Amino acid sequence: MSWRGLAIAVLCGFVATVMGVSGVFAQQPAKDITEEVIVGPGSVSVATKKDVMMSFGALVRFIPTSESNWDFGMSDNLEGKSFFGGKYSGTLFETHSNESGTVRGGYIRNEDKIYFNAMPQDRKWSFYAALEYDRPIDTDTVDNRGGRGDSSNFGLERLNVSVALPYETRLHAGWDVWGFDHYDGASMVYADDNPGFWLDGTAGKLTYSIGYFKLAENNFQTSLTGTIGKYEFAANDDDRDLIAAYADYKINDKHKVKFFYGYDRIRAIPVRDFYTAAWGAARSATGISMAKVYDLLGLDGSAPDPSDPDFPFAYGAKYTVSAGSPKTDSHHVGSYYVGNFGPVELFLEGAYQFGSADNVQKLKYSSYDISAYALAADVALELKDWVGFSVKPHVGVMYTSGDDDPNDDKLEGYNGIENAQRFSNRWGGENTIIGDTNFVLGTALYGYLPEFYGNGTPIFTGGLQNFAGYGNGRGDNPGLTMLSVGLTASPKKFIIYRTNLNNFWWNEDIKVKSFVYPYGETWVKSGYVGSEWDNELTVALHKNVFVKGQVSFFFPGEVIEDVTAALGAKSDDTASRVAAELIWNF
Numbered sequence: 001m002s003w004r005g006l007a008i009a010v011l012c013g014f015v016a017t018v019m020g021v022s023g024v025f026a027q028q029p030a031k032d033i034t035e036e037v038i039v040g041p042g043s044v045s046v047a048t049k050k051d052v053m054m055s056f057g058a059l060v061r062f063i064p065t066s067e068s069n070w071d072f073g074m075s076d077n078l079e080g081k082s083f084f085g086g087k088y089s090g091t092l093f094e095t096h097s098n099e100s101g102t103v104r105g106g107y108i109r110n111e112d113k114i115y116f117n118a119m120p121q122d123r124k125w126s127f128y129a130a131l132e133y134d135r136p137i138d139t140d141t142v143d144n145r146g147g148r149g150d151s152s153n154f155g156l157e158r159l160n161v162s163v164a165l166p167y168e169t170r171l172h173a174g175w176d177v178w179g180f181d182h183y184d185g186a187s188m189v190y191a192d193d194n195p196g197f198w199l200d201g202t203a204g205k206l207t208y209s210i211g212y213f214k215l216a217e218n219n220f221q222t223s224l225t226g227t228i229g230k231y232e233f234a235a236n237d238d239d240r241d242l243i244a245a246y247a248d249y250k251i252n253d254k255h256k257v258k259f260f261y262g263y264d265r266i267r268a269i270p271v272r273d274f275y276t277a278a279w280g281a282a283r284s285a286t287g288i289s290m291a292k293v294y295d296l297l298g299l300d301g302s303a304p305d306p307s308d309p310d311f312p313f314a315y316g317a318k319y320t321v322s323a324g325s326p327k328t329d330s331h332h333v334g335s336y337y338v339g340n341f342g343p344v345e346l347f348l349e350g351a352y353q354f355g356s357a358d359n360v361q362k363l364k365y366s367s368y369d370i371s372a373y374a375l376a377a378d379v380a381l382e383l384k385d386w387v388g389f390s391v392k393p394h395v396g397v398m399y400t401s402g403d404d405d406p407n408d409d410k411l412e413g414y415n416g417i418e419n420a421q422r423f424s425n426r427w428g429g430e431n432t433i434i435g436d437t438n439f440v441l442g443t444a445l446y447g448y449l450p451e452f453y454g455n456g457t458p459i460f461t462g463g464l465q466n467f468a469g470y471g472n473g474r475g476d477n478p479g480l481t482m483l484s485v486g487l488t489a490s491p492k493k494f495i496i497y498r499t500n501l502n503n504f505w506w507n508e509d510i511k512v513k514s515f516v517y518p519y520g521e522t523w524v525k526s527g528y529v530g531s532e533w534d535n536e537l538t539v540a541l542h543k544n545v546f547v548k549g550q551v552s553f554f555f556p557g558e559v560i561e562d563v564t565a566a567l568g569a570k571s572d573d574t575a576s577r578v579a580a581e582l583i584w585n586f
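Pasting the structure below:
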C-alpha cells in the first residue's frame, strides 16, 4: 500500500471509530444560518418549509488600478538591448501575476463572488459554495462569460461540506481557507484554499484541526494523449501532498498560543530557475527546436552560426539548468503567541523547516539536507483611551534564514509551505507591490521572500504551487530581514486608515543571470533591498457598501540597483501602485 493510501485508511478508520461512539454533544438548535460559523459568508436568509436552513450572499469588487515602474525602470534603460535576443519585449519584468491573471500597467479588475449555504437546525451537516469570476474586464472577457476560453473565467472558487461527529469534532471536505498563521500571525508558514479533507475539534480551551491536502495531482490528464510518454502520470504517488495539523490553546481572553506541524511531500517539480523557465517558454512560443539550438551553437558537430538572427537567443541555452525532479520531503514545525497586556499587544512566532531533497541529478550532490528557520515579532499599542478613538501603531520584525554556501549539501534558505506574508494583518495587504508577484524582487504572489533568487542550487523546497516549476521556492534563497512600522486609525466607525512602511534586507549573497545577450552571471552582495510604503483608506457608505483608496510606493535600495544591472539594465526608479476599490458585500 502506498503512503497516501495508508494515510487515508488511517483517517477513515479514525472517523469510523469516532462515529461508533454513542452520542453527539447536545447543542441548541440553530435559529439563524447567517450567524453560524460552519458555513460561509452570506447575510440573506432564505425561507424554507423544512428544517434545512439556507442563505446566500455576494461580493462585488471593481478595482481600477494604475501601476508604474514595476520593474524599477528596466524597460526604459535597456538602451537598444533586448531580453533573450528580442524574444521578449522590454516590459518582461513589468509583467506580474495575481488572482485575476497576468497584468501590467493600468487595468480594471473585477471580482465577483456568489455565496450559497445550507444546513439543518441541528447542525449535523453543512454546505457552503462560492461561485467566482475574477478578471481584468473588457468587452471580450465580459462577453465570454467564462465559457469559451482562457480570457474569462467563472467557476467554483470555494466548496466546504461538513458532517458533525462525536466528541465535538467535524469532518470537512472541499477547498476553503485553511492554514496555520494567516491573519493574526506572520503568515510565513501556510495558508491557502487547497483541496482536501480536514477534521476540526474542540476540547475545552483547545481547538485543533488535522488535514490532508492535494497541492498537485499528476495521475490526472484531460485527454488520453496527454498521458502517453508522461513519466509523472505513469508513476505512483508522484504528486505534491500536504499533511498538516495545528492546536490552538486559549489560555484566557487575553492570551493564546498555537502549535503547528506540516509535512510537505514534494514530487515532480523540476530543478529550475526563473531564467531557465523564461528561456524555455520563449523557445516553445517561437517554435525554435532544440535541434536548431544545437545547430546554431555548433553542438551537433557543425560550426556555430553567430550571423543567424536566432543565435543570440540560442546562446542563452548555455546558462539554463536541468537537474531532474528530486524527491523532496519538507517538514515545518512551529508556534506563535498573541498576548494582550492592557493596551499593549505582543506577538511572537517561530518556525523550523527541515527535511531532504533526494535523487537530484547533474548538480554537485545527489542529496541535499533542508535546514532553515523563520522568526517574527510584533508589538502594537492601542491609544484609544488617550486620543478618544482607535489609533494603533505597531513595530514588527521578520527574519528568515538564507543559504550562505553554494558549495555544500545544505539548503538553508527558508521557504514556507507557501509564502504568504500578504495575508498577515500586521504587515500585509492586497495593495502591496512586493506581494503581488515582482520578478525583480524575486517574489511570487502573496509572499515577500526572494524565493526566485539563490546562489546556484535552485531546488524547490516550498512555495505557491501555481508557480512551481518556474523557479520559485528555491531552497538556496538569500533569506529576508524585514522591519515593519505602521499605524491603523479609525477616527469614525465608518473610516479606517492603514499605513505600513516595510523595510527589506536580503541576508546572503545571490547569483543573478543576465537576460541580455551575451548573458553571464553576476554575484550580488546582500544588503538593503528597499522600502515599501503602503497606504489604504476605507470609507463605509453603507454597512454593505465600501470604498477604498490605495497608494503604494517601493523605494529601491542599492541591492536592486545591482540586481537590475545584473539582469541587463541598471535601474533605480520608484515603483508605484495607485488603485481604488468599489465594494458591495452582503
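With this note's numbering as the guide, the letters of the sequence shown map in order to residues 1 to 586. The beta-carbon is built from N, C-alpha and C at its ideal position, and this holds for glycine as well. Owing to the predicted nature of the structure, the values given are computational and were not obtained by experimental measurement.
- The C-alpha of T169 lies about 35 Å from the C-alpha of I269.
- Closest by C-alpha distance to A317, out of Y294, A303 and K327, is Y294.
- Inter-segment contact for the region 381 to 390 and the region 352 to 363 is absent: fewer than three beta-carbon pairs are separated by less than 8 Å.
- Contact between E451 and G442 holds: their C-beta atoms lie close to 6 Å from each other, under 8 Å.
- Separation of L206 and Y246 (C-alpha to C-alpha, rounded to the nearest whole angstrom) is 10 Å.
- Of all C-beta pairs linking the region 77 to 97 to the region 513 to 528, three or more are shorter than 8 Å, placing the two stretches in contact.
- Out of R577, S55 and A323, the CA that lies nearest to the CA of A47 is found in S55.
- For S89, the closest C-alpha among the options K492, S75 and W279 is that of S75.
- Here the alpha carbons of V39 and M188 stand approximately 27 Å from one another.
- Cβ neighbours of S45 within its own chain (closer than 8 Å, five residues either side excluded): D32, I33, T34, M53, M54 and S55.
- Fully enclosed beta strand (DSSP E) runs of no fewer than 3 residues occupy 125 to 136, 155 to 165 and 169 to 175 of the region 118 to 185, in order along the chain.
- S490 places its beta carbon 8 Å or farther from that of D509.
- Setting aside the 5 residues that flank it on each side, K250 is surrounded in the same chain by K205 and K256, each with a C-beta closer than 6 Å to its C-beta; the list follows chain order.
- Along the length of the region 266 to 346, whole beta strand (DSSP E) runs at least 3 residues long occupy 327 to 341, reported in chain order.
- For the options V142, N455 and D476, the alpha carbon positioned closest to that of T461 is the one of D476.
- Non-local beta-carbon contacts of Y528 in its own chain, meaning distances under 7 Å to residues more than five positions away in sequence, involve W505, G557, E558 and V559 in chain order.
- Taking 8 Å as the cut-off, the Cβ atoms of G42 and Y115 count as close.
- Scanning its chain for C-beta atoms nearer than 6 Å, with the 5 sequence neighbours on each side dropped, one finds around F347 the residues V338 and D378, in chain order.
- In this structure the region 156 to 167 does not touch the region 319 to 331; the number of beta carbon pairs closer than 8 Å is below three.
- Counting along the chain, V397 sits inside the beta strand (DSSP E) bounded by residues S390 to T400.
- With a cutoff of 8 Å on beta-carbon distance, W175 and G211 are scored as not near each other.
- Counting along the chain, T65 sits inside the beta strand (DSSP E) bounded by residues V52 to S68.
- Sequence-distant partners of L541 (beyond 5 residues in either direction) whose C-beta falls short of 7 Å from its own C-beta, in its chain, are V547.
- Boundaries of the beta strand (DSSP E) around E581: A575 to N585.
- About 45 Å separates the beta carbons of G334 and Y315, which is beyond the 8 Å limit, so they are not a contact pair.
- Cβ neighbours of P304 within its own chain (closer than 8 Å, five residues either side excluded): L296, L297, G298 and F311.
- DSSP lists F213 and D264 as the beta-bridge partner residues of L242.
- Excluding five sequence positions before and after T276, the CB atoms of its chain that fall closer than 6 Å to its own CB belong to T320 and V321, given in chain order.
- Setting aside the 5 residues that flank it on each side, R426 is surrounded in the same chain by D378 and G396, each with a C-beta closer than 6 Å to its C-beta; the list follows chain order.
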